[in-house]
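Chains as they are written, first to last, in my numbering: chain A, 21 to 294; chain B, 701 to 974.
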Amino acid sequence: MTQPPARTLSALGLYRRMAGASIVAQLRYPGTFAIQAIGNFVTTLLGFFGIWSLFRRFGSIAGWDIGTVAVLYGLVNVAFAVAETLGRGFEVFGGEYVRTGSFDRLLLRPRSTLLLLLGHELRLRPIGRFLQGAFVLIAGLWLAPHVQWSAVLVLPLAIAGGAAMFLGVLIGQAALCFITVEGLEVVNVLTYGGVEAGQYPLTMFGRWLRRFITFVLPLAAVCYYPALFSLNHPDPLGVPTWIGALSPLAGFAFLGVMVLIWHRAVAGYVSSGS
Amino acid sequence: MTLRPYLTAFGLQWKIGLRYRIAVIAGLVAQMWFGAVTLMAYASVYHAAPDVQAPLSLRQAMTYTWIQQSLFTLLPLGCLPAIGDAAKTGAIVYDLLRPVDMWNWWLSATLARLLGNAVPRAILLACVAGPLAMLVGLGAWSLAPPADMAAAALSLLSITLGALLSATIVMWWNILTARTLSPLGSYAVGTPLAVLLSGMLLPLPLYPDWIRPFLLAQPFAGITDIPIRIYLGTPIPGGAVTGLGLQLFWLATLTLLGRLWMRQTVNRLEVQGA
Chain A
21 MTQPPARTLS
31 ALGLYRRMAG
41 ASIVAQLRYP
51 GTFAIQAIGN
61 FVTTLLGFFG
71 IWSLFRRFGS
81 IAGWDIGTVA
91 VLYGLVNVAF
101 AVAETLGRGF
111 EVFGGEYVRT
121 GSFDRLLLRP
131 RSTLLLLLGH
141 ELRLRPIGRF
151 LQGAFVLIAG
161 LWLAPHVQWS
171 AVLVLPLAIA
181 GGAAMFLGVL
191 IGQAALCFIT
201 VEGLEVVNVL
211 TYGGVEAGQY
221 PLTMFGRWLR
231 RFITFVLPLA
241 AVCYYPALFS
251 LNHPDPLGVP
261 TWIGALSPLA
271 GFAFLGVMVL
281 IWHRAVAGYV
291 SSGS
Chain B
701 MTLRPYLTAF
711 GLQWKIGLRY
721 RIAVIAGLVA
731 QMWFGAVTLM
741 AYASVYHAAP
751 DVQAPLSLRQ
761 AMTYTWIQQS
771 LFTLLPLGCL
781 PAIGDAAKTG
791 AIVYDLLRPV
801 DMWNWWLSAT
811 LARLLGNAVP
821 RAILLACVAG
831 PLAMLVGLGA
841 WSLAPPADMA
851 AAALSLLSIT
861 LGALLSATIV
871 MWWNILTART
881 LSPLGSYAVG
891 TPLAVLLSGM
901 LLPLPLYPDW
911 IRPFLLAQPF
921 AGITDIPIRI
931 YLGTPIPGGA
941 VTGLGLQLFW
951 LATLTLLGRL
961 WMRQTVNRLE
971 VQGA
């Protein structure tokens, strides 16, 4: 007679163990980790140096003060760093799971595939981007003239919504790998390109791009509008400011849609064999 | 001295670069996106501050951005992937045993890899950003033609030197890789340096005035910044001769020092594996 397992881990407990193992593995090579984290910090900080130089030369970016732009820049970078930390399994999904056929093994386990892929790696390297984003964000709040107290609530919500949105992009990218097998770098347009677009005020862009990053990818909802709300800055396009307190929820909605697509895609999965 | 082995090394890497057609298309989409975001940002910055005397006009800044985007894969972002693999597996000994000059052998492979990646992308993006953009009525956003015939001829010469210079800098990353036995360090150091110092992040003429002479004099400016300045006809102190002279100076200096460093590294190289 087979014994039922004495104890199964809850989803959270299981994730904690996988994440712990991943962290221990990354810290095995402390020198490599330090170089990569510092490289990440410097690379992303240089990005802000470019924007700062534009300010030095032109006085403002199209009428926006440096505090506002720093808040936008910090928000989008912190949110993306969180998504990058959690979603590494989806980023490498095509090459490491679909092409090799090792996704079959995940399907045999009695756990959600999403949970197992989240546990693929809790990546520590984006801590460089996270720290410098947080640093620029705080500097921006310090420089901006009309910071609202409600920013204490709205900015964390915006970061969570933004992280959910970028995680949604990574999950969508992984779902696409069922068709393309190898990962497609075009999706980088939505991740790294999203970070690039999110750090400028929405009004700088042409109409097609504004619509795309508002309604297709809710980038403006998790970054631009919450920043306006927190800084009590009226929107030049006339959208009421209070929208920014609620709009980060669109990031979670986007993640929800991508999870639905993921389940659809898994249901139609045909192994490449091994 | 026979040239054939070096030509073979060149031909092999050139073909590898040309094989990934989908990657070329994916790269084109990504470069168009980053180009569009950057251009819209510059356009609104310039329009908001009409009386600021910038060293580049808006049209020149846009052309600068397009050329820079199209030559992204020409930048020395890290070591040659084949050498990174060879360093990790220990296959680097085979290179040591070949009866060829190792600097030239690696340099021809590196140059071919850079050109094989960059040339198709550059031609494609130049067609899209130049004539095609004109045809669909985006003339104001398109790639401007060169300043005059002399500028066109000199910039062609200059970009050839730029490609050689970039390959020489990659040689330094290759030696670093052979020394540390891992390609990661070269990417961690190379990517931020190349992106900032070549003018990819922000055109070098737009940085604050006090830092501009230093930016022009450092070796990375010779890869794309000097050729683009000659193409645009923007003044370089001392004219195009200074630009070409700087390129030749860095080419000679980095080759001499690099060869010394390589000899020293090879003499005490410890190889992994059996």
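Cβ coordinates follow ideal geometry from the N, Cα and C atoms, glycine included.
A straight-line Cα-Cα distance of about 13 Å links Leu269 (chain A) and Gly188 (chain A). For Leu222 (chain A), the closest of B:Leu728, B:Thr738, B:Leu712 by C-alpha to C-alpha distance is B:Thr738. Within chain B, not a single residue places a beta-carbon under 7 Å from that of Met185 (chain A); the smallest gap is close to 17 Å. Val206 (chain A) and Thr702 (chain B) have their C-alpha atoms some 43 Å from each other.
Straight across, the Cα-Cα distance linking Thr765 (chain B) with Leu944 (chain B) is about 21 Å. The alpha helix (DSSP H) runs lying completely inside the segment 746-807 of chain B and spanning 4 residues or more are 758-770, 781-789, 792-797, given in chain order. Within the DSSP secondary-structure output, Trp84 (chain A) pairs in a beta bridge with A:Ile81. Under the Cβ criterion (8 Å, minimum of three pairs), the segment 730-748 of chain B does not count as touching the segment 881-899 of chain B. Along the length of the segment 80-167 of chain A, whole alpha helix (DSSP H) runs at least 4 residues long occupy 86-106, 108-111, 123-128, 133-138, 147-163, reported in chain order. In the DSSP assignment, Tyr212 (chain A) falls within the alpha helix (DSSP H) that extends over 208-218. When the alpha-carbon of Met185 (chain A) is set against those of A:Leu136, A:Gly115, A:Leu210, the nearest one is in A:Leu210. Assigned with DSSP and collapsed to three states, Leu960 (chain B) falls in helix. Taken through DSSP and simplified to helix, strand or coil, Cys827 (chain B) comes out as helix. Counting only the Cα atoms, Gln219 (chain A) lies some 40 Å from Arg125 (chain A). Nearest neighbour of Leu190 (chain A) by Cα position, chosen from A:Leu92, A:Phe69, A:Val277, turns out to be A:Val277. Contact between Asn97 (chain A) and Val174 (chain A) does not hold, since their C-beta atoms are separated by about 17 Å, which reaches or exceeds 8 Å.
Annotated three-state conformation of Thr934 (chain B) is coil, per DSSP.
A Cβ-Cβ distance of about 6 Å is found for the pair Ile875 (chain B) and Trp961 (chain B), placing them in contact under the 8 Å criterion. One Cα belongs to Leu151 (chain A), the other to Gly59 (chain A), and the distance between them is close to 12 Å. For the options B:Thr934, B:Thr953, B:Leu856, the alpha carbon positioned closest to that of Gln760 (chain B) is the one of B:Thr934. Between Gly182 (chain A) and Ala99 (chain A), the CB-CB gap stays under 7 Å. Closer than 8 Å at the C-beta level to chain A, one finds these residues of the segment 905-932 of chain B: Leu906, Tyr907, Pro908. The C-beta separation of Gly87 (chain A) from Leu163 (chain A) comes to about 4 Å, placing the pair in contact by the 8 Å criterion.
If the five residues before and after Gln947 (chain B) are omitted, its C-beta is found closer than 8 Å to the C-beta atoms of Ser858, Leu861, Gly862, Leu865, Gly922, Ile926, all from its own chain and listed in chain order. Within 8 Å of the CB of Gln56 (chain A), the CB atoms of chain B belong to Leu884, Ala888, in sequence order along the chain. Met38 (chain A) is positioned such that its CB atom lies no closer than 7 Å to that of Gly114 (chain A). Under a criterion of Cβ atoms nearer than 7 Å, the residues of chain A adjacent to Trp733 (chain B) are, in order, Val209, Gly213.
In the displayed model, Val290 (chain A) falls within coil according to three-state DSSP, outside both helix and strand. About 6 Å separates the beta carbon of Thr877 (chain B) from that of Gly784 (chain B), a gap short enough to meet the 8 Å contact definition.
Interface annotation for the segment 70-88 of chain A against chain B: Gly70, Ser73, Leu74, Arg76, Arg77, Phe78, Gly79, Ser80, Ile81, Ala82, Gly83, criterion Cβ-Cβ distance under 7 Å. Look at Met740 (chain B): its C-beta is under 7 Å from a C-beta on chain A.
Around the beta carbon of Asn817 (chain B), a 10 Å sphere encloses 16 or more other beta carbons of the protein chains shown; the residue is thus reported as buried. Contact annotation: the segment 64-81 of chain A touches the segment 906-917 of chain B, with at least three C-beta pairs closer than 8 Å. For Ser886 (chain B), the enclosing alpha helix (DSSP H) covers residues 884-897. Along the segment 221-234 of chain A, going in chain order, the ones with a CB nearer than 9 Å to a CB of chain B are Pro221, Thr223, Met224, Phe225, Gly226, Leu229.
Taking a contact to require three or more Cβ pairs closer than 8 Å, the segment 272-291 of chain A and the segment 779-797 of chain B do not qualify as touching.
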